[in-house]
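Trainee: Here the working numbering is used: the first residue of the sequence shown is 1, the next is one more, and so on.
Every residue gets a Cβ at the ideal spot worked out from N, C-alpha and C, and that includes glycine.
Because the structure is a prediction, the values reported are computed rather than measured.
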Amino acid sequence: MPRKTKAQKKSAEKRRNAGTLYPAPSASKKRTMSDVADDRKAPVALLDSNRLSPEPITSALMSRILGAADKAMRMAFPTDYYKRCYYSAFVISDHLRSLGHDASVTGGIGYYPVTGPDTLGWDGYHVPNGPMPAHAWASTPDFPIIDIMPIYDVRKIEGRGQRDQAPALWWKGFDMPSILEGYIPRERLTIGFDKASQNNYDRLSHAFQEALREGVVLPVAIITSKQDFADLGNSGSSWARRIYVNQQALAEGFQQLRRRFGF
Numbered sequence: 001m002p003r004k005t006k007a008q009k010k011s012a013e014k015r016r017n018a019g020t021l022y023p024a025p026s027a028s029k030k031r032t033m034s035d036v037a038d039d040r041k042a043p044v045a046l047l048d049s050n051r052l053s054p055e056p057i058t059s060a061l062m063s064r065i066l067g068a069a070d071k072a073m074r075m076a077f078p079t080d081y082y083k084r085c086y087y088s089a090f091v092i093s094d095h096l097r098s099l100g101h102d103a104s105v106t107g108g109i110g111y112y113p114v115t116g117p118d119t120l121g122w123d124g125y126h127v128p129n130g131p132m133p134a135h136a137w138a139s140t141p142d143f144p145i146i147d148i149m150p151i152y153d154v155r156k157i158e159g160r161g162q163r164d165q166a167p168a169l170w171w172k173g174f175d176m177p178s179i180l181e182g183y184i185p186r187e188r189l190t191i192g193f194d195k196a197s198q199n200n201y202d203r204l205s206h207a208f209q210e211a212l213r214e215g216v217v218l219p220v221a222i223i224t225s226k227q228d229f230a231d232l233g234n235s236g237s238s239w240a241r242r243i244y245v246n247q248q249a250l251a252e253g254f255q256q257l258r259r260r261f262g263f
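#1: With a threshold of 6 Å on Cβ separation, who are the neighbours of L96 within its own chain once the five nearest residues in sequence on each side are excluded?
#2: Which whole-angstrom value describes the C-beta separation of W239 and A166, a residue pair presumed to lie in contact below a C-beta threshold of 8 Å?
#3: Return the chain-ordered ranges of every alpha helix (DSSP H) run that is complete within the region 117 to 176 and spans a minimum of 4 residues.
#4: For a cutoff of 8 Å on Cβ pairs, would you count G108 as touching chain C?
#5: If we require 4 or more residues per run, which alpha helix (DSSP H) segments fall completely within the region 221 to 260?
#6: How do the region 132 to 151 and the region 199 to 212 stand: do at least 3 beta-carbon pairs fall below 8 Å, yes or no?
#7: Check E55 in the structure and name its three-state DSSP category.
#8: Any idea if N129 is buried or exposed, counting beta-carbon neighbours within 10 angstroms, 16 or more meaning buried?
#9: Per DSSP, what kind of secondary structure is V114 in: helix, strand or coil?
#10: Going along the chain, which unbroken runs of the beta strand (DSSP E) with 3 or more residues stay wholly within the region 56 to 115?
#11: Does the Cβ of G124 have 16 or more other Cβ atoms within 10 Å, making it buried, or fewer, making it exposed?
#12: Just to confirm the assignment, what range does the alpha helix (DSSP H) spanning E187 have?
#13: What separation, rounded to the nearest whole angstrom, lies between the Cα atoms of E181 and H126?
#14: Return the CA-CA distance between L257 and T115, expressed in angstroms with no decimal places.
#15: Keeping to the same chain, check which residues put their C-beta closer than 7 Å to that of G121; ignore five residues upstream and five downstream.
#16: From which residue to which residue does the alpha helix (DSSP H) around L204 run?
#17: Thinking just about the alpha-carbon of each residue, which of W137, Y152, I109 is nearest to the one in W171?
#18: Assuming Q107 and M132 form a contact by the criterion Cβ under 8 Å, report the distance between their Cβ atoms to the nearest whole angstrom.
#19: Rounded to whole angstroms, what is the Cα-Cα separation between F261 and Q247?
#20: Determine the burial state of N200: buried for a count of at least 16 other Cβ atoms within 10 Å of its Cβ, exposed for fewer.
#21: Which residue wins for smallest C-alpha separation from T58, given the options V217, F229, V245?
#22: Whole angstroms are fine: how far does the CA of A221 sit from the CA of Y244?
#23: Which of helix, strand or coil does DSSP assign to L218?
#24: Nearest-angstrom Cα distance between G215 and A68?
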């Protein structure tokens, strides 16, 4: 069999790279896991070029994916899973891409409403002037916010009280409900990863695949408008009910946050 010329090899390499969702970052802009607080990051996967039509993103599919992600996070990072937003975003995004969806990871500021008998406010991730976005969540063109992190009651975990159980957020559409304006995208994340972070992600990915096979599910909230909060409240969610009743107070509180931190 004749050897390939340099031009043929270059052409073949170009065709292989055409299947990747993210272009490789330039050397001058490459960032590594040492730039990320809490060692949060994961590698980029390839699109499944053999899948002609992706499995539709439905409530049932997202319940399986987020359920597997939750269990995997708790197994891979038992002491601080609630801080590992980068890892959760990438394992969800990579799986959606393996199903043929144009999924990516968005980095930015991430605040979400927190409620309770004596609690009404915002919690989330914001590091002013940090080298990397403070929060990360999975995104697709039709579902800009897919985020498991709101389910974790950080106050209870760290012994600072308790709040209403929030669902994983799955926001469909492009008219942002004011109550979700705490998600402020900054960039599509494409950075390098070091050996320790790769090992962490491999451990998480293995646990995620195991959880998928077990069929673990997690309730998700599809948010398309303010009315969805009323519907969730009527179905028994005290988190959604308090949000719907206190929309104005929450909106004013978030504007105070923006003025305070300048974002």
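Mentor: So, from the data block:
#1: For L96, where only same-chain residues beyond five positions count, the Cβ hits under 6 Å are A103.
#2: About 5 Å separates the two Cβ atoms, so the contact holds.
#3: DSSP runs (the alpha helix (DSSP H)) wholly in the region 117 to 176: 154 to 157.
#4: Among the chains of the structure shown, chain C does not appear; only one protein chain is present.
#5: For the alpha helix (DSSP H) assignment, the uninterrupted runs of no fewer than 4 residues enclosed by the region 221 to 260 are, from N- to C-terminal side, 226 to 234, 238 to 245.
#6: No, they do not touch.
#7: Coil.
#8: It counts as exposed.
#9: The answer is strand: DSSP assigns V114 an E or B state.
#10: Here no run is fully enclosed.
#11: With 16 or more other Cβ atoms within 10 Å, it is buried.
#12: For E187, no alpha helix (DSSP H) run applies; the uninterrupted beta strand (DSSP E) run containing it begins and ends at 183 to 188, by DSSP.
#13: The C-alpha of E181 lies about 14 Å from the C-alpha of H126.
#14: Near 17 Å, if we compare the C-alpha coordinates of T115 and L257.
#15: Setting aside the 5 residues that flank it on each side, G121 is surrounded in the same chain by V114, G253, each with a C-beta closer than 7 Å to its C-beta; the list follows chain order.
#16: Counting along the chain, the alpha helix (DSSP H) containing L204 begins and ends at 195 to 214.
#17: When C-alpha distances from W171 are compared across W137, Y152, I109, the shortest belongs to W137.
#18: The sequence given here places Gly at residue 107; Gln does not occur at that position. Rounded, the Cβ-Cβ distance is 7 Å, consistent with contact.
#19: Using only the alpha carbons, I get a separation of about 21 Å.
#20: Buried, by the Cβ-count rule.
#21: Taking the Cα of T58 as reference, the smallest distance to any Cα among V217, F229, V245 is reached at V217.
#22: If you draw a straight line from the Cα of Y244 to the Cα of A221, it comes to about 14 Å.
#23: Three-state DSSP puts L218 in coil, outside helix and strand.
#24: Going by the C-alpha atoms only, they are around 8 Å apart.
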